[in-house]
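Take a look at the structure set out below.
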Amino acid sequence: MECNSPQQQPQRRKKRSRSGCNTCRARKVKCDERSDGCGNCERLQLECSGYGRSATRHSDAHTRARRTYRSCSNCRLGRAKCSGERPACSRCQEKRLQCQYGENVEPVWPRRLTSTVDPPERPSSAPRENEAETPSLAWLTSFDLPEKARVAVLVDNYFAHVHPIRCFAFLHRPSFLRRVDEELASDVRTALLHVVCALGAQFYALECSAISQKLSPKFILWAGSRWAENAYSMVLKELDKISIDNLMASQLLYDHALRVGNFAQAFMLGGITARMAQALQINLEFSTDVLCLEPGLSVSAREARRRLMWSCFVTDALLGSGVDQLMLIEERDIKIQLPCNERRFLQEAPCVTRTLDGTVLGFLRPEITPVDPDENMGIMAYFIQHIRIRKQVLRYIKHLDKAMSPWLPNSEFVILDKACWDWYNSLPENLQFTSSAIYTRKASSQLGALVLMHCAHHQTLCDLYRLGAPALFKLRSAIEFPPEQSEYLEKMRSDLYKAAKSLAAIIAEAERHGPHNLSDTWLPTVTYDSSRIMLYYLTQLIDPREQNSKDLVVQTIPYLQSNIRALRAMESLNAVSGRLDRRLKYLTVEI
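Residue 87 in the numbering used here sits at position 87 of the sequence shown; the count goes up by one each step and never skips.
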């Protein structure tokens, strides 16, 4: 039997490539792996970027191929080769056609090629970013809560900086500290403790940055974020176990979500807290024994329930922004009195305060009703009163098509304007924004709360007076002012500018006393709006040729500069501050 000659032997099948050049792998096509550049890349005039992750992409102008990734619409329809020139390819120019390209000028595979050739970057997680830089503070980025001594420091920072602001003062400090000791002794870690530590961690990092070592704003902002994630998981896992503790944790998680810029999570938590409050029925007094003369729930526990309900009310009001469909809590359903002042809460001293409508609870006997219930109220109670007015203002702005003309004496505008100023003028001397009140509140860690309350007033005035600047706020139903009301319109615009300037003055004073006094998550937006209004007034609403206008510009520039400084200072505690700071710098170029 004769053997076949070599010419007669069947050709061996070429071995299939298992890797291929990076370009072919990105395009998901077969590659011949030619050492001097594969055939596919040569045929398509593409750059053959080599093999493996260590390959480098050539950028030499002489070696880089000129290849269009996208053909224009006409060339694609005619199945013709397109030169890819912009704004019109050579074929369309020759045939005098309108050359159009699709929105995507590059296919997906070049982006895959970049990820193949270039080493992957580390995800932009702020804690990871700074762990190597700050080994002494690495515990702030850990998953587990630290030891007892560090937990105590974090809790102290929470009560010093978060507890007083907005309406988060629903934790009775002595009772909570006792619970923390019990939890740490039994190795139990609740969602509430996790989120308290998470919020306290931001301010602890801020303090460390100011005293010992400079930390990046991202590290400060994300300090303790993993504890907040743990708390969030715990709350969701026990969503069907509705309790006061879980509601408190959810309220604080809402604040943390706003701080780190997770607005979708904050929005959903706002709904959860409203439903939990309704399920727990904390909108009703625990009993008619307001002064706790009979055995039962402790004084601090009853007051904590009231404060928690009012905290949910404020969250719902600010989240809804005057849109009825977004608000789940109506003030008419809240049948409890306003919170007492912080001193009485701390000392567990029961007392009678006013309700939201300004009266006292109807079931109280005359002999236990004080002559002046206002004496028992503090910043939190007055802030809640203002939020009620703010809800009415925002609802009015959303329904201008049904409103009376604002210059009429009995119009909704006149009534709401009077309500704002009546509330402001009713503030006791120790709650006015004076030098004495500022230092008194600073000594008791309540300056941030005082700042927020006064900013809320002037921000609400800005929202009310925005009728005079519909183009700035893009009102759905702008009110037309007839020529005979031009003086009224001019005054409204002037009042709008003055309110914005007052905001800037308050924020500048707060920033002078430290960035932690600007920690509320509402303040970055307030600061930005203040600057926008002042800029709009100077550039659009007054005549720049007049000498008075020029003087006003000179007077306003320091307020704009202080707002930019404040936004920069807030960046460590509010994720949105950096973005608003950049926007504001861009806007100020106009002047």
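In this text, a Cβ means the ideal position worked out from N, Cα and C, and glycines have one as well. Just so it is clear, the structure is predicted and the values come from calculations on it, not from any experiment.
{"Asked": "Paired residues, beta bridge with Lys498 - DSSP", "Found": "According to DSSP, which records beta bridges pairwise, Lys498 is partnered with nothing at all."}
{"Asked": "Residues bridged to Leu284 [DSSP beta-bridge criterion]", "Found": "Lys335"}
{"Asked": "Run of the alpha helix (DSSP H) containing Gln547, from where it starts to where it stops", "Found": "Gln547 to Met570"}
{"Asked": "Alpha-carbon spacing of Tyr488 relative to Ile242, whole angstroms", "Found": "52 Å"}
{"Asked": "Limits of the unbroken alpha helix (DSSP H) element including Trp227", "Found": "Ser225 to Lys237"}
{"Asked": "Through-space distance from Asn430 to Glu229, alpha-carbon basis", "Found": "39 Å"}
{"Asked": "Beta-carbon proximity of Leu538 to Leu518, cut-off 8 Å", "Found": "no"}
{"Asked": "Rounded separation between Leu284 and Lys335 - CA only", "Found": "5 Å"}
{"Asked": "Bounding residues of the alpha helix (DSSP H) (the contiguous stretch that carries Ser435)", "Found": "Ser435 to Ala443"}
{"Asked": "Residue ranges of each alpha helix (DSSP H) within the stretch 302-384, 4 or longer", "Found": "342-347"}
{"Asked": "Per-residue burial, Leu503 [other beta carbons within 10 Å of its own, 16 or more giving buried]", "Found": "buried"}
{"Asked": "Delimiting residues of the alpha helix (DSSP H) encompassing Asp529", "Found": "Leu523 to Tyr536"}
{"Asked": "Presumed contact (8 Å Cβ cut-off) between Ala566 and Thr527, rounded CB distance", "Found": "5 Å"}
{"Asked": "N- and C-terminal bounds of the alpha helix (DSSP H) containing Asp581", "Found": "Val576 to Thr588"}
{"Asked": "C-alpha gap between Ala611 and Leu140, whole angstroms", "Found": "In the structure as shown, the chain begins at 1 and stops at 591. Residue 611 is therefore absent and cannot be evaluated."}
{"Asked": "C-beta atoms of Leu560 and Thr588 nearer than 8 Å", "Found": "yes"}
{"Asked": "Inter-residue spacing [alpha-carbon to alpha-carbon] between Ser530 and Phe413", "Found": "21 Å"}
{"Asked": "Host alpha helix (DSSP H) of Gly37 (start-end)", "Found": "That residue, Gly37, is in no alpha helix (DSSP H); it is neither H nor E in DSSP."}
{"Asked": "Gln100 - DSSP class collapsed to helix/strand/coil", "Found": "coil"}
{"Asked": "6 Å Cβ shell around Asn157 - same chain, five flanking residues per side excluded", "Found": "Gly200, Phe203 and Tyr204"}
{"Asked": "Three-state class that DSSP yields for Ile479 in the structure shown", "Found": "coil"}
{"Asked": "Limits of the unbroken alpha helix (DSSP H) element including Trp421", "Found": "Glu412 to Asn425"}
{"Asked": "Cβ contact (3+ pairs, closer than 8 Å) linking the stretch 342-353 and the stretch 284-293", "Found": "yes"}
{"Asked": "Whole-angstrom distance between Gly578 and Ser212, CA atom to CA atom", "Found": "24 Å"}
{"Asked": "Nearest-angstrom Cα separation, counted from Asn341 out to Val377", "Found": "It should be pointed out that residue 377 corresponds to Met in this sequence rather than to Val. The alpha-carbon atoms of Met377 and Asn341 are separated by roughly 5 Å."}
{"Asked": "The stretch 313-328 / the stretch 365-377 touching (three or more Cβ pairs under 8 Å)", "Found": "no"}
{"Asked": "Same chain, Cβ closer than 6 Å to Ala471, neighbours up to 5 away in sequence not counted", "Found": "none"}
{"Asked": "Anticipated Cβ contact below 8 Å, Val196 with Leu252, distance rounded", "Found": "7 Å"}
{"Asked": "CA-to-CA distance, Gly270 to Gln325, given in whole angstroms", "Found": "13 Å"}
{"Asked": "Three-state secondary structure assigned by DSSP to His458", "Found": "helix"}
{"Asked": "Close beta carbons around Cys38, own chain, < 7 Å, minus the five adjacent residues each side", "Found": "Cys21, Cys24, Cys31, Asp32 and Cys48"}
{"Asked": "Nearest-angstrom Cα separation, counted from Leu192 out to Ala245", "Found": "Sequence check: residue 245 is Asp here, not Ala. Roughly 7 Å between the two C-alpha positions."}
{"Asked": "C-beta contact flag for Asp495 and Ile397 at 8 Å", "Found": "no"}
{"Asked": "Neighbourhood of His454 by C-beta distance below 8 Å, restricted to the same chain and skipping five residues each side", "Found": "Phe433 and Ile506"}
{"Asked": "Separation of Asn574 from Thr521, as counted between CA atoms", "Found": "6 Å"}
{"Asked": "Distance between Gln459 and Ala500 (C-alpha atoms, nearest Å)", "Found": "7 Å"}
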